[in-house]
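Colleague:
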Amino acid sequence: MKTLFGYADKNNIQIEYGRLPENKSISFSITDEDYVIIDYSLLFNQKEEGVHLAHELGHCATGSFYNLYSPLDIRMKHEIRADKWAIKHLISEEDLDAAITNGYTEIWSLAEYFDVTEDFMKKVVCWYTYGNLDTELYF
């Protein structure tokens with residue numbers, strides 16, 4: 001997670017902590033300044049914090065912000081782009097292959113090994129194995 005904070009610092013992305021009524025984390029851009037807000041009261045552990053931080057930084061890094069009020073904006077497209085960025089920055093394909101070679105073959109054991117949530121680990125496996133993030137199709 002240290003590298004995520006380093007990335008944010010290097011790219012002038014402000015990370016703040018506050019209460020969010022409906023989300024564990026959000027990101028947004030105002031006048032070319034990017035922000036991530038994380039609600040610790042809704043996060044259960046460090047794994048969740050890391051996954052949420054990586055995902056929100058993915059929005060900032062790729063410019064994948066959406067307008068809640070626009071009927072033409074495809075929200076899922078932005079979410080997938082942010083997830084792909086998070087996957088590539090938290091777990092490389094080579095690291096995943098090495099972990100599997102070393103006997104970490106279950107989703108739960110891979111998630112523990114990489115210190116991420118099981119839901120995120122499913123996305124990682126889907127992306128590197130099938131080239132998509134459709135976890136419902138494969139798990």
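Residue 1 is where the sequence shown starts when you use this note's numbering, and the numbers rise one by one after that.
Glycine residues also receive a C-beta, built at the ideal position from the N, C-alpha and C atoms.
Just so you know, these numbers come straight off a predicted model, no measurement behind them.
Based on the DSSP output, what are the partners of S70 in its beta bridges?
Modeller: As a working note, residue 70 is residue 70 in the sequence shown. For S70, which the question treats as bridged, DSSP gives no partner whatsoever.
Colleague: Mapping the DSSP letters down to three states, classify I100 as helix, strand or coil.
Modeller: The residue you call residue 100 lines up with position 100 of the sequence shown. Three-state result, I100: helix.
Colleague: Could you tell me whether the Cβ atoms of S27 and E56 are closer together than 7 Å?
Modeller: For the purposes of this step, residue 27 is identified with residue 27 of the sequence shown, where counting begins at 1. For the purposes of this step, residue 56 is identified with residue 56 of the sequence shown, where counting begins at 1. The answer is yes: Cβ separation under 7 Å.
Colleague: Under 7 Å between the Cβ atoms of K24 and L42?
Modeller: By one-based count along the sequence shown, residue 24 stands at place 24. By one-based count along the sequence shown, residue 42 stands at place 42. Taking 7 Å as the Cβ cut-off, K24 and L42 qualify as a contacting pair.
Colleague: Residues in the same chain with beta-carbon distance under 7 Å from R75, minus the five sequence neighbours each way, listed in chain order, please.
Modeller: Start at 1 with the first residue of the sequence shown, and residue 75 comes out as number 75. Cβ neighbours of R75 beyond the five flanking positions: Y66.
Colleague: Helix, strand or coil for V116? Go by DSSP, reduced to three states.
Modeller: Numbered from 1 along the sequence shown, position 116 holds the residue referred to as residue 116. Reduced to three states, the DSSP call for V116 is coil.
Colleague: Beta-carbon within less than 6 Å of V51's beta-carbon, same chain only, minus the 5 sequence neighbours each way: which residues are those?
Modeller: Counted from its first residue, the sequence shown places residue 51 at position 51. Closer than 6 Å at the Cβ level, and outside the excluded window around V51, lie V116, T117, F120.
Colleague: Going by beta carbon distance, what residues of the same chain come within less than 6 Å of I91, once the five residues before and after it are set aside?
Modeller: Walking along the sequence shown from the start, residue 91 turns up at place 91. Hits under 6 Å: F114, V124.
Colleague: Using the Cα positions of Y17 and K2, report the straight-line distance between them to the nearest angstrom.
Modeller: Translated into the one-based positions of the sequence shown, residue 17 becomes position 17. Translated into the one-based positions of the sequence shown, residue 2 becomes position 2. Each residue's alpha carbon lies about 17 Å from the other.
Colleague: Looking only at its chain, what residues have a beta carbon closer than 8 Å to the beta carbon of E93, apart from the 5 residues adjacent to it on each side?
Modeller: Indexing the sequence shown from 1 puts residue 93 at position 93. So the list reads Y128, once near-sequence residues are dropped.
Colleague: Of the residues K47, K10, C60, Y7, which one's Cα is nearest the Cα of D32?
Modeller: The residue you call residue 32 lines up with position 32 of the sequence shown. Among K47, K10, C60, Y7, the Cα nearest to that of D32 belongs to C60.
Colleague: Among L133, D34, K47, I30, which has the Cα closest to the Cα of R81?
Modeller: By one-based count along the sequence shown, residue 81 stands at place 81. It is L133 whose Cα lies nearest to the Cα of R81.
Colleague: Check whether the Cβ atoms of I13 and D34 lie closer than 7 Å to each other.
Modeller: The residue given as residue 13 occupies position 13 in the sequence shown. The residue given as residue 34 occupies position 34 in the sequence shown. Yes, these two residues count as a Cβ contact at 7 Å.
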